């Protein structure tokens with residue numbers, strides 16, 4: 059029995075010696091970048107989840123709203139000019155895309171919906187031209203090539219009553235509840 063143990067110990071020592079001599083080390087048994095690698099992965103996942111909200115917020119910040127014009131015209135108000143000044147002077151460089159809310163301050167006549175569409179389109183193009191002229195005048199020698207795009211953004215924000223109910227439910231319960239959305243089509 060003693061010879062068997064000696065042979066086994068000799069074989070194990072020989073294998074270990076050959077492994078060390080062959081350049082194989084045990085460095086790959088642990089992660090040398092342990093906390094940094096996983097912290098970077100976590101940070102990337104959080105930033106990726108926030109990216110749509112950040113992008114939407116930036117677009118809403120770059121939007122020239124209906125209340126920035128006198129009602130039914132393409133004349134900028136003092137607040138509208140101040141907002142465009144803010145956009146043109148942004149550091150380190152202004153964003154060259156400015157969004158214009160489509161005109162909702164045009165009266166609607168149910169008897170002539172085509173007239174409403176044409177009037178709104180005409181006012182949109184007049185307002186777009188007014189914004190481009192003001193931005194190029196403000197930019198002056200910097201000559202930033204601003205591009206104005208018309209869009210129809212949703213109302214930003216949330217009613218206070220809904221927010222209050224949500225906060226109360228958050229504070230009073232330890233579990234979340236997701237509302238089930240179902241379609242009530244005939245035949246289902």
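Residue numbers (my numbering): 59 to 246. Glycine residues also receive a C-beta, built at the ideal position from the N, C-alpha and C atoms. No experiment lies behind these values; they were computed from the predicted model shown.
C-beta atoms of residue i and residue j nearer than 7 Å
{"i": "residue 196", "j": "residue 119", "result": "no"}
{"i": "residue 159", "j": "residue 121", "result": "yes"}
{"i": "residue 146", "j": "residue 154", "result": "no"}
{"i": "residue 209", "j": "residue 166", "result": "no"}
Nearest-angstrom Cα separation, counted from residue j out to residue i
{"i": "residue 217", "j": "residue 223", "result": "10 Å"}
{"i": "residue 162", "j": "residue 94", "result": "51 Å"}
{"i": "residue 97", "j": "residue 69", "result": "43 Å"}
{"i": "residue 229", "j": "residue 185", "result": "46 Å"}
{"i": "residue 215", "j": "residue 88", "result": "48 Å"}
{"i": "residue 106", "j": "residue 202", "result": "30 Å"}
{"i": "residue 191", "j": "residue 137", "result": "16 Å"}
{"i": "residue 113", "j": "residue 171", "result": "34 Å"}
{"i": "residue 220", "j": "residue 213", "result": "15 Å"}
{"i": "residue 124", "j": "residue 104", "result": "34 Å"}
{"i": "residue 169", "j": "residue 133", "result": "28 Å"}
{"i": "residue 246", "j": "residue 128", "result": "With a pLDDT of only 46 at residue 246, under 50, the local geometry of the prediction cannot be trusted, and no value is derived from it."}
{"i": "residue 198", "j": "residue 108", "result": "35 Å"}
The beta strand (DSSP E) enclosing residue i, as first and last residue numbers
{"i": "residue 164", "result": "Where residue 164 is concerned, there is no enclosing beta strand (DSSP E), given that its DSSP letter is neither H nor E."}
{"i": "residue 206", "result": "205-209"}
Selection from the options that minimises the alpha carbon distance to residue i
{"i": "residue 204", "options": "187, 220, 210 and 219", "result": "187"}
{"i": "residue 182", "options": "207, 112 and 107", "result": "207"}
{"i": "residue 193", "options": "148, 128 and 92", "result": "148"}
{"i": "residue 211", "options": "91, 117 and 90", "result": "117"}
{"i": "residue 139", "options": "91, 111, 189 and 115", "result": "189"}
Residues near residue i in its chain [Cβ-Cβ closer than 6 Å; skip 5 each side]
{"i": "residue 101", "result": "none"}
Residues near residue i in its chain [Cβ-Cβ closer than 7 Å; skip 5 each side]
{"i": "residue 225", "result": "none"}
{"i": "residue 164", "result": "130, 174, 177, 178 and 181"}
{"i": "residue 141", "result": "122 and 126"}
{"i": "residue 99", "result": "none"}
Boundaries of the alpha helix (DSSP H) in which residue i is found, first to last residue
{"i": "residue 137", "result": "136-146"}
{"i": "residue 110", "result": "92-119"}
{"i": "residue 182", "result": "171-197"}
{"i": "residue 225", "result": "218-230"}
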